[in-house]
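Per our numbering, the very first residue in the sequence shown carries number 1; after that it's consecutive. See structure below.
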Amino acid sequence: MGAGFGGIAVAAELLRHGLDDVTLLEAAPGPGGTWHHNRYPGAACDVPSHLYSYSFAQRASWAHVFSHQGEILQYARETADALGITPRIVTDTTVTSCTWDDGTRTWTVRSRRTGSDGPQEERVADAVVLATGQLDKPALPAVEGLADFAGRSFHSARWDHAYDLRGKRVAVIGTGASATQLVPEIAPLVGHLTVFQRTGNWFLPRKDRPMPAALDRILRRPWARRAWRRLLHHVIELITLCVRHPRTAGRVGALFSAAHMRRQLPDAELRRKAWPDYPFGCKRVLLSSDFLPALRRPNTELVTDRIVRMTPEGPLTEDGRVHEVDCVIHATGFRTHTFMLPMEVRGAGGRSIEEAWARGAQAHLGIMVSGFPSLFLMYGPNTNTSGGSILFFLEAQAGYVRRALHLTRRAGAAALDVRPQVQEAGLNAVRARFEGTAWTQCSSWYRTPDGRNVANWPGYMGEYAARTRRPTPSEFRFIGVRVR
Ligand code: N01
Numbered sequence: 001m002g003a004g005f006g007g008i009a010v011a012a013e014l015l016r017h018g019l020d021d022v023t024l025l026e027a028a029p030g031p032g033g034t035w036h037h038n039r040y041p042g043a044a045c046d047v048p049s050h051l052y053s054y055s056f057a058q059r060a061s062w063a064h065v066f067s068h069q070g071e072i073l074q075y076a077r078e079t080a081d082a083l084g085i086t087p088r089i090v091t092d093t094t095v096t097s098c099t100w101d102d103g104t105r106t107w108t109v110r111s112r113r114t115g116s117d118g119p120q121e122e123r124v125a126d127a128v129v130l131a132t133g134q135l136d137k138p139a140l141p142a143v144e145g146l147a148d149f150a151g152r153s154f155h156s157a158r159w160d161h162a163y164d165l166r167g168k169r170v171a172v173i174g175t176g177a178s179a180t181q182l183v184p185e186i187a188p189l190v191g192h193l194t195v196f197q198r199t200g201n202w203f204l205p206r207k208d209r210p211m212p213a214a215l216d217r218i219l220r221r222p223w224a225r226r227a228w229r230r231l232l233h234h235v236i237e238l239i240t241l242c243v244r245h246p247r248t249a250g251r252v253g254a255l256f257s258a259a260h261m262r263r264q265l266p267d268a269e270l271r272r273k274a275w276p277d278y279p280f281g282c283k284r285v286l287l288s289s290d291f292l293p294a295l296r297r298p299n300t301e302l303v304t305d306r307i308v309r310m311t312p313e314g315p316l317t318e319d320g321r322v323h324e325v326d327c328v329i330h331a332t333g334f335r336t337h338t339f340m341l342p343m344e345v346r347g348a349g350g351r352s353i354e355e356a357w358a359r360g361a362q363a364h365l366g367i368m369v370s371g372f373p374s375l376f377l378m379y380g381p382n383t384n385t386s387g388g389s390i391l392f393f394l395e396a397q398a399g400y401v402r403r404a405l406h407l408t409r410r411a412g413a414a415a416l417d418v419r420p421q422v423q424e425a426g427l428n429a430v431r432a433r434f435e436g437t438a439w440t441q442c443s444s445w446y447r448t449p450d451g452r453n454v455a456n457w458p459g460y461m462g463e464y465a466a467r468t469r470r471p472t473p474s475e476f477r478f479i480g481v482r483v484r
């Protein structure tokens, strides 16, 4: 399920290893996942393109050091085409349920045309992979009276390109990674821009520039690309080093970030308002060299008073001010702890994933949930990264899925299920590894209201690759006898 980068990664891995009866069901009209949906002005990747790309489908050349949304979407499409995945993608198809049958030892996948309540289609599968992402369901701010607003409003991930922002009074709610990219783009167009910030952020420099010609020439050589990727990999792991060691490396990261922010915010009052009040790396560190300068524009105001209600004219803040605007843009992130839900997923004995996740989303290595045989998650619980490339994690997961399916074949079984004690032990290790890290020191989309981090991998990318490289037969219960 899903033909974003996760679905494409797993399909590529399976096809490459001769598991070729693969179908991808995609709710959107085309592949690309988050890069299909997020088309706000300035949408780009803050991970350098040579790392934010598959190791098995390296591009000879990228137009920018940090690619823009259009080029990344194009890359996803081109990869799916080149590897024979595109004809296997069934678009406009929303999966409503996946049900395990204890008798036939197969999954029944029900779906219907996206947006319709018409008849359901049914498919039977030996294994299912849920590659629906962590950041697919836009979240609106929990502000009373949102529907009362009389102007235009939309979410950053569902940008209304038909709405002309030129000369308008615009409010942007939120100052996360999406807002950071879109604010500098729209600020010069709009009449007035009000940016509502609940919490300040740490910033590191990121210049949006075309790929330097000399570097591009060098990187056209495969060996140079491999070396460059390796270098980027290690440089980017420094962010995780800072998060893992807030008292040492984290302090250095904070000093570096503070110097960048001070340079960009010479005005003491604006600097005070924008400054974060939590340790470096607790929330995602934002890579931008143009967001803070955009706040200094004469037509831009940063508001840090809390929004208490939405009125027909615009947001009302706690100081009693109504900020009259024509348009409200919700750059307020995603509902992140629900993963594939509201899809109905029922495993052995008819147990639902909600029951299995009554204490919060959890999965062995973020990939397998005990009691749900031959069901795999891509970008599942505890596999997000604060600094690295998600594509690196997706490739590790794709490899794990393929190896698990091969183990099943080799065992002559119909399916495999991770043992509950293996999942529990892995989860305890993951939880223990968060202790003492910056992630535990503020609230963020990574954490549940009771403070558990269900989104992030607590270590380095390399550790995750090592942990997922060899699924061992003793970790699983093999079920039934293979008949096909
Ligand atoms: O969402 P977010 P995002 N009043 O949840 C604020 C990935 N990504 O779409 O910090 C005022 O980070 C909220 O405030 P607070 C990346 O993994 C990657 O920006 O909760 N503000 C926050 O500022 C990222 O982490 C790229 O106090 C309110 C903002 O809304 C993830 O997507 C680019 C509010 C939400 O920030 C999500 O990023 C973009 C309220 N009532 C995104 N409610 C790359 O470049 C919420 N907020 C790869």
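Every residue, glycine too, gets a C-beta built ideally from N, C-alpha and C.
Going by beta carbons, Leu-391 and Val-285 fall outside the 7 Å limit.
According to the DSSP assignment, Arg-431 belongs to no beta strand (DSSP E) but to the alpha helix (DSSP H) extending over 420 to 434. From the listed residues Trp-457, Pro-315, Asn-456, Met-343, the smallest Cα separation to Leu-146 is found for Pro-315. When the beta-carbon positions are compared, Trp-35 and Leu-73 come within less than 7 Å of each other.
At least one heavy atom of ligand 1 lies closer than 6 Å to the C-beta of Gly-174.
Rounded to the nearest whole angstrom, the C-alpha separation of Trp-223 and Pro-293 is 38 Å. Distance check between Trp-445 and each of Pro-138, Arg-16, His-17 places Pro-138 closest, using alpha-carbon atoms only.
Using a Cβ distance threshold of 7 Å, Pro-471 and Tyr-400 count as a contacting pair.
Comparing alpha-carbon positions, the option among Gly-347, Ile-479, Gly-387, Ser-389 lying closest to Gly-412 turns out to be Ile-479. Under the rule that a run must span 4 or more residues, the alpha helix (DSSP H) segments found entirely inside the region 434 to 479 read 461 to 468.
Counted as a single uninterrupted DSSP element, the stretch harbouring Cys-242 is not any beta strand (DSSP E) but the alpha helix (DSSP H) occupying residues 222 to 244. By the Cβ rule, the region 144 to 162 counts as touching the region 325 to 336, because three or more pairs are nearer than 8 Å. Assignment of beta strand (DSSP E) within the region 353 to 426, counting only whole runs of 3 or more residues, yields 375 to 377, 415 to 418 in chain order. Remark: the C-beta of Asp-46 is in contact range of ligand 1, defined as less than 6 Å to any heavy atom. Inter-segment contact for the region 213 to 227 and the region 235 to 254 is absent: fewer than three beta-carbon pairs are separated by less than 8 Å.
By the Cβ-count criterion, His-161 is exposed, with fewer than 16 other Cβ atoms from all chains shown falling within 10 Å of its own Cβ.
Of the residues assessed, Ala-142 falls on the exposed side of the cut-off, its CB having fewer than 16 other CB atoms within 10 angstroms. In this structure the region 450 to 464 lies against the region 377 to 387, because at least three pairs of beta carbons, one per stretch, are closer than 8 Å. For Thr-311, the Cβ stays outside the 6 Å cut-off from all heavy atoms of ligand 1. Residue ranges of uninterrupted beta strand (DSSP E) with 3 or more members, entirely inside the region 300 to 343 and ordered along the chain, are 300 to 303, 307 to 310, 315 to 317, 327 to 330. As summarised for the region 53 to 110, the continuous beta strand (DSSP E) elements at least 3 residues long and confined to that stretch are 93 to 101, given in chain order. Taking non-hydrogen atoms of ligand 1 into account, the C-beta of Pro-141 is found less than 6 Å away from one of them. Ranked by how close their Cα comes to the Cα of Ala-179, the residues Gln-421, Leu-302, Tyr-52 have Leu-302 in first place. Between ligand 1 and Leu-146, a heavy atom-to-CB distance of less than 6 Å is absent. Pairwise C-beta distances place the region 193 to 200 in contact with the region 267 to 286, as three or more of them are shorter than 8 Å.
Around the beta-carbon of Asp-102, fewer than 16 other beta-carbon atoms lie within 10 Å, marking it exposed.
Setting aside the 5 residues that flank it on each side, Leu-265 is surrounded in the same chain by Arg-271, Ala-274, Leu-292, Leu-295, Arg-296, each with a C-beta closer than 8 Å to its C-beta; the list follows chain order. The Cβ atoms of Leu-427 and Phe-5 lie no closer than 7 Å to each other. In terms of side-chain proximity, the C-beta atom of Gly-333 is found nearer than 6 Å to a non-hydrogen atom of ligand 1.
Ile-307 has its CB nearer than 6 Å to a heavy atom of ligand 1. For Glu-185, the enclosing alpha helix (DSSP H) begins and ends at 177 to 186. Ligand 1 has a heavy atom closer than 6 Å to the beta-carbon of Trp-445. At a threshold of 6 Å, Thr-317 does not count as near ligand 1, since its beta carbon sits no closer than that to any of the ligand's heavy atoms. For a cut-off of 8 Å, the C-beta gap from Glu-185 to Gly-18 is around 45 Å, too long to register as a contact.
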